[in-house]
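J.: Mind looking over this structure? Questions follow.
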Amino acid sequence: MLANGAYHNPVIPRTAERLPSGILQLHSSNYRNPQSLPEGPVLVVGSGQSGCQIAEDLYLAGREVHLCVGRAPRAPRVYRGREVTDWLTESGYYDIPYENHPQKATVREKTNHYLTGRDGGREIDLRQRALEGMRLYGSFKGIEDSKLLFAPDLSTNLDEADRSYNGIRQLVDQYIARSGIETPQEPPYVAPWKPQSDPRELDYAAAGIVCIVWAIGFAADYSWVDLPIFNGRGHAVHRRGVSPVAGAYFLGLPWQNTWGSGRFADVGKDAEYLLGHIRQALTTGTPPVAHTLNDNATALSAGAPAAATRR
Ligand SMILES: Cc1cc2nc3c(=O)[nH]c(=O)nc-3n(C[C@H](O)[C@H](O)[C@H](O)COP(=O)(O)OP(=O)(O)OC[C@H]3O[C@@H](n4cnc5c(N)ncnc54)[C@H](O)[C@@H]3O)c2cc1C
Numbered sequence: 610m611l612a613n614g615a616y617h618n619p620v621i622p623r624t625a626e627r628l629p630s631g632i633l634q635l636h637s638s639n640y641r642n643p644q645s646l647p648e649g650p651v652l653v654v655g656s657g658q659s660g661c662q663i664a665e666d667l668y669l670a671g672r673e674v675h676l677c678v679g680r681a682p683r684a685p686r687v688y689r690g691r692e693v694t695d696w697l698t699e700s701g702y703y704d705i706p707y708e709n710h711p712q713k714a715t716v717r718e719k720t721n722h723y724l725t726g727r728d729g730g731r732e733i734d735l736r737q738r739a740l741e742g743m744r745l746y747g748s749f750k751g752i753e754d755s756k757l758l759f760a761p762d763l764s765t766n767l768d769e770a771d772r773s774y775n776g777i778r779q780l781v782d783q784y785i786a787r788s789g790i791e792t793p794q795e796p797p798y799v800a801p802w803k804p805q806s807d808p809r810e811l812d813y814a815a816a817g818i819v820c821i822v823w824a825i826g827f828a829a830d831y832s833w834v835d836l837p838i839f840n841g842r843g844h845a846v847h848r849r850g851v852s853p854v855a856g857a858y859f860l861g862l863p864w865q866n867t868w869g870s871g872r873f874a875d876v877g878k879d880a881e882y883l884l885g886h887i888r889q890a891l892t893t894g895t896p897p898v899a900h901t902l903n904d905n906a907t908a909l910s911a912g913a914p915a916a917a918t919r920r
């Protein structure tokens, strides 16, 4: 049973080696609080949950914050009087298995929606933060001399994040309407800020950047597993945790079966499912294997590159 988690090696791009030693660099997993960083402007790279929450933490502490916005979606936290996760749980949305999910082709690769538990739990609107002074850029592309380079995708990434935000609200609206629940409507979201153009670069020396927080996720590392149960990108090949090799299972992977699989919510259900397989194997003496895998065509023998980012 491979239950070794999904977040193994913190990702920091090799281009970071070109930055001068005077700039402190750290991965989001090592961030603790604003006081632990040197005084001065900070660049946060990545707008998943960690990146957005760290950027807010620094911004609210009075720091000048620059944020590279990637393709992470965002979610409302409370909508129409309740936590959105409560609505979605009650509606059965979180029970949709990966195999039937409308976004099956991409859902396992997606970054989590950003929101925060701060102030008792609320949404994060990066447009609002930009209006107040946070500097936003598109995806980080590289470094040239003293310039940090960005893709021209800030507008698109903000629009896409809003699209997912509005889509979640719509799912809740539909559930409420379907169930005949009486609860007040909320006004539609209106973007408070839009970038005039997509910024392409930032001179870190001129901006006085003293610290960069890399919040671009973790890479999986299964290099120690000598079994042909990974695809060409080093990702686990499985169906509901059952690998193509008899007797080898995964547990705790994001979207192993449902939204809650890589979270505390459903890992227990996944464990029970696998227990059923193991019991059957012990009873019949024929360990079942996953016969129809969506990506088994790319399964490679052990020794395939094992480290691949989930983002
Ligand atoms: C930043 C962040 C925030 C999160 N927030 C939430 C949240 O709010 N709610 C939620 O439900 N989930 C959250 N999660 C996900 C949650 O942490 C995981 O779903 C949960 O930890 C999975 O438990 P696990 O036992 O499968 O893996 P882990 O908790 O990762 O445990 C795996 C263990 O295996 C060990 N291990 C790894 N390789 C080997 C090896 N070769 N030999 C021996 N041991 C090994 C590791 O050291 C580790 O102790 C978050 C994850 C991250 C990264």
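820 is the number that my numbering gives to position 211 of the sequence shown; each next residue is one higher, with no gaps. C-beta: ideal position from N, C-alpha, C; glycine also. Keep in mind that this is a model prediction, so the values were computed, not measured.
Name the one or two DSSP bridge partners that PRO557 has.
T.: Outside the shown range of the chain (610 to 920) lies residue 557, about which nothing can therefore be said.
J.: With 16 other CB atoms within 10 Å as the buried threshold, where does GLN658 fall?
T.: GLN658 should be labelled buried.
J.: Nearest CA to the CA of ILE785: which residue from LEU724, THR698, TYR858?
T.: THR698
J.: Sort out for me which residues DSSP pairs HIS675 with in a bridge.
T.: LEU652, ARG744
J.: Apart from the five residues on each side of it in sequence, which residues of its chain come closer than 6 angstroms, Cβ to Cβ, to ALA770?
T.: PRO682, ARG683
J.: List the DSSP bridge partners of GLN634.
T.: For GLN634, the pairing in a beta bridge is given by DSSP as ILE821.
J.: Where DSSP assigns a beta bridge to LYS878, which residues make up the other side?
T.: Answer by DSSP bridge pairing: none, since LYS878 is not bridged.
J.: Below 8 angstroms on the Cβ atoms is my contact criterion, and I expect GLY817 with PRO650 to pass it. Report the Cβ-Cβ distance as a whole number of Å.
T.: 5 angstroms
J.: Between HIS886 and VAL854, how many whole angstroms is the CB-CB distance? I'm expecting something under 8 angstroms.
T.: Contact doesn't hold; Cβ gap of about 13 angstroms is too wide.
J.: Scan the segment 704 to 746 and note each continuous alpha helix (DSSP H) run of 4 residues or more that stays entirely inside, going in chain order.
T.: 713 to 716, 735 to 741
J.: Alpha carbon to alpha carbon, what distance is there between TYR616 and THR720?
T.: 12 angstroms
J.: If we count the other Cβ atoms within 10 Å of its Cβ and call it buried at 16 or more, is SER806 buried or exposed?
T.: exposed
J.: Compute the minimum distance between the beta carbon of VAL846 and the heavy atoms of ligand 1, and state whether it is under 7 angstroms.
T.: no
J.: To the nearest whole angstrom, what separates the beta carbons of LEU676 and MET743, a pair I think is in contact under 8 angstroms?
T.: 6 angstroms
J.: Identify, in the order they occur along the chain, each residue of the same chain with its Cβ nearer than 8 angstroms to the Cβ of ILE663, setting aside the five sequence neighbours on each side.
T.: SER637, TYR640, VAL653, VAL822, ALA824
J.: Return yes when at least one heavy atom of ligand 1 lies under 7 angstroms from the C-beta of ASN642, else no.
T.: Incorrect: ASN642 has no Cβ contact closer than 7 angstroms to ligand 1.
J.: Just grab the DSSP bridge partners of ILE663 for me.
T.: Paired residue(s): none; ILE663 is not in a bridge.
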